[in-house]
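The working numbering puts the first residue of the sequence shown at 103, with every later residue one more than the last.
Report on the following structure.
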Amino acid sequence: NVASAQDAPDPPGPYVIDLRGALTGVPSAGPFFPVSASTVALPVPSRAFGFDVGGHVYPWTLGLSRVGVGVNVMRARGSLSNPDVSAVVTTLAPQVSFNFGTTDGWSYLSAGYGAGKVTSRVAGATGGSADSGLLGSVNLGGGARWFLSPRLAAGFDVRFHLLASGNLTPRATIVGLSVGVSVR
Numbered sequence: 103n104v105a106s107a108q109d110a111p112d113p114p115g116p117y118v119i120d121l122r123g124a125l126t127g128v129p130s131a132g133p134f135f136p137v138s139a140s141t142v143a144l145p146v147p148s149r150a151f152g153f154d155v156g157g158h159v160y161p162w163t164l165g166l167s168r169v170g171v172g173v174n175v176m177r178a179r180g181s182l183s184n185p186d187v188s189a190v191v192t193t194l195a196p197q198v199s200f201n202f203g204t205t206d207g208w209s210y211l212s213a214g215y216g217a218g219k220v221t222s223r224v225a226g227a228t229g230g231s232a233d234s235g236l237l238g239s240v241n242l243g244g245g246a247r248w249f250l251s252p253r254l255a256a257g258f259d260v261r262f263h264l265l266a267s268g269n270l271t272p273r274a275t276i277v278g279l280s281v282g283v284s285v286r
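Written as structure tokens, this is what we have:
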């Protein structure tokens, strides 16, 4: 009777495409909103809902981890109806990740440098709009993916975006949470 060795599970990868719903904070500092909103002290949205899409490849192994490179784009909108105030947060987050697990599921930690933008609008008598312009953004985060079939996974990502100050806007930190599916 010869014992047969079991095959070791494959490492994470070789690629994934993420499609997720997103929830993120909205910077509340006055300069991110029109001057009229800042001077009248109107309430502004504190969170925004939207989507997060991304793609990642895993070309290298480093110790116990698989190194990945990829990018996520998040766009989310928050609004209040009385007064009519809205804000759109957009981030572009290139990143390098360290992935731990197997091809059936893995967790990861990642970081990178990209860009973020906040645009806002106030309707009515105190109306106006504001646009932060593209701001440099360090992103730090992590998450996990669990494959329910060979091609489809459920997963989540938590990401901190550290927005640099702009000409008129202060530095700001926003936290995004996204949940959805990954395909490979």
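Beta carbons: idealized from backbone N, C-alpha and C, even for Gly.
Nothing here was measured: the structure is a model prediction, and the numbers come from that model.
- Straight-line spacing of the CA atoms in A246 and G229 works out to 42 Å.
- Beta-bridge partners of V187 (DSSP): L182 and V224.
- Per DSSP, the continuous beta strand (DSSP E) segment holding D120 begins and ends at Y117 to G127.
- With respect to the 7 Å criterion, F249 and A255 are classified as neighbours on the basis of their beta carbons.
- Pairing D112 with W162, the inter-Cα distance amounts to about 13 Å.
- Scanning G170, V190, R223 and S181 for the CA closest to the CA of Q197 turns up G170.
- Y117 and V128 have their C-alpha atoms roughly 31 Å apart.
- As the crow flies, the alpha-carbon of I119 is around 6 Å from that of G156.
- The three-state reading of DSSP puts V146 in coil, since its state is none of H, G, I, E or B.
- Following the DSSP letters along the chain, one finds F249 inside the beta strand (DSSP E) bounded by residues L237 to F249.
- Under the Cβ criterion (8 Å, minimum of three pairs), the region 144–155 does not count as touching the region 231–243.
- In the DSSP assignment, R261 falls within the unbroken beta strand (DSSP E) covering L254 to L265.
- Per DSSP, the unbroken beta strand (DSSP E) holding A232 starts and ends at G230 to D233.
- The criterion of a C-beta distance shorter than 7 Å is satisfied by A124 and G152.
- Burial check for R122: the Cβ neighbour count within 10 Å reaches 16 or more, so the residue is buried.
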